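**Student:** Before I ask anything, here is the structure I am working with.
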Amino acid sequence: MADRDGRSGAGARAVLIAGPTASGKSALALALARRIGGAIVNADSMQVYRDLRIITARPTPDEEAAVPHRLYGHVDAACNYSVGAWLRDVSAVLAALSLSETTPIFVGGTGLYFKALLSGLAAIPPIDPSVRARWRARLEREGVAALHAELARRDPTAAARLMPRDRSRILRALEVFEGTGRTIAEWRREGMPPLVGPEYAARIFLQPEREELKRRIACRFQAMLAAGAVDEVRALEARGLPETLPAMKAHGVPWLRRY
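Its first residue numbered -11, the sequence shown is counted upward by one per residue in the working numbering.
Pasting the structure below:
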């Protein structure tokens, strides 16, 4: 079983299994974990919620007993869980797994989680587009040399590090400083580095044929209804949680609330 780069899943330091809903990710992860003695780590942003076992198709109790599973159902639905929180949790999981030399097998459909795992996460918040537009307008009027001089006044460290004609990075440094009142270096010190180097990850993406995937999704939905998905969503709704919380917007929850 090889990833797109041809490395064996058994020889990698981490295995990443991604794909759409009902593509067979969990079954593959379970089989692989049994084969190599790995531990399955959740990389799905909705399967973290304790209240959503059925509607998110979390692993069954029997599956969780068969091989180690981590970060499934460990968060209350009242929590506004984020990718940053997930990375912090993953960091602790990886530290524990490394002690027992257990290969982590990440499974999920949340692309942002996989990206953050492999590339890290910057702490810089979104910048108001109007700030970016103003600096771009100044660049057109005054030129890059003037903006580099302005950056030297506001963020001397960044100005010394950047080439005087590096338009894009000079613009970015200026807009971050104006938009947040802090330098890029200050924000980066608060960010999170990659937890898995891309060169050490065996990446597997499952993509069944379209008609087969539609059939699987339909079967899964019927199985969810039979397992009590409606009651699960009703219990969630009875808590009176704000509708803006991620758990309240999980796939299928808004629809079943109207069921």
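Where is the CB? At the ideal position from N, CA and C, for every residue including glycine. Please read these numbers as outputs of a predicted model, since none were measured by experiment.
1. Ala66 and Leu229 - do their beta-carbons sit closer together than 7 Å?
2. Strictly under 7 Å for the Cβ-Cβ distance: is Pro152 near chain D by that measure?
3. I'd like to confirm the pairing. Which residues does DSSP put opposite His57 in its beta bridges?
4. Return the chain-ordered ranges of every alpha helix (DSSP H) run that is complete within the stretch 47 to 93 and spans a minimum of 4 residues.
5. Quick one: what's got a C-beta closer than 8 Å to Arg208's C-beta in the same chain, skipping five residues either side?
6. Quick one: complete beta strand (DSSP E) runs, 3+ long, within the stretch 189 to 214?
7. Which first and last residues belong to the beta strand (DSSP E) in which Ile5 is found?
8. In chain order, what residues of the same chain lie with their CB nearer than 7 Å to the CB of Ser79, ignoring the 5 residues before and after it?
9. Which class does Val95 belong to by DSSP, given the choice of helix, strand or coil?
10. Would you identify the three-state DSSP class for Met236, choosing helix, strand or coil?
11. Tell me Tyr247's beta-bridge partners as DSSP assigns them.
12. Below 8 Å on the Cβ atoms is my contact criterion, and I expect Asp32 with Gly97 to pass it. Report the Cβ-Cβ distance as a whole number of Å.
13. Could you compute how far the alpha carbon of Ala54 sits from the alpha carbon of Ser107?
14. Any idea what DSSP makes of Leu109, helix, strand or coil?
15. So, does the stretch 12 to 22 touch the stretch 103 to 117, judging by three or more C-beta pairs under 8 Å?
16. Rounded to a whole number of angstroms, what is the C-alpha to C-alpha distance between Pro186 and Phe102?
17. Using CA coordinates, which residue listed in Arg141, Ser156, Phe94 and Lys237 is at the minimum distance from Leu75?
18. Please name the residue or residues paired with Met180 in a DSSP beta bridge.
19. Would you list the residues sitting across from Tyr101 in a DSSP beta bridge?
20. In whole angstroms, what is the alpha-carbon distance linking Ser86 and Leu100?
21. Among Glu166, Pro56, Glu199 and Thr145, which residue has its Cα nearest to the Cα of Pro114?
22. Compute the distance between the beta-carbons of Phe193 and Ala6, then report whether it is under 7 Å.
23. Just reading off the alpha helix (DSSP H) that Arg157 is part of, what are its end residues?
**Tutor:** Let me spell this out:
1. yes
2. This model lacks chain D altogether; it includes just one protein chain.
3. Ile28
4. Contiguous alpha helix (DSSP H) elements confined to the stretch 47 to 93 occur at 49 to 54 and 71 to 87, taking only those with 4 or more residues.
5. Non-local beta-carbon contacts of Arg208 in its own chain, meaning distances under 8 Å to residues more than five positions away in sequence, involve Thr9, Ala10 and Ala45 in chain order.
6. 189 to 193
7. Ala2 to Ala6
8. The answer, listed in chain order, is Leu183.
9. Look at Val95 here: in three-state DSSP terms it is strand.
10. helix
11. Its beta-bridge partners do not exist; DSSP assigns none.
12. Contact between Asp32 and Gly97 holds: their C-beta atoms lie close to 6 Å from each other, under 8 Å.
13. Their backbone Cα atoms lie some 31 Å apart in a straight line.
14. strand
15. no
16. Rounded to whole angstroms, the separation of the alpha carbons of Phe102 and Pro186 is 10 Å.
17. Relative to the Cα of Leu75, the nearest Cα in the group Arg141, Ser156, Phe94 and Lys237 belongs to Phe94.
18. Leu109
19. For Tyr101, which the question treats as bridged, DSSP gives no partner whatsoever.
20. 24 Å
21. Glu166
22. yes
23. Element bounds for Arg157: Arg155 to Thr168.
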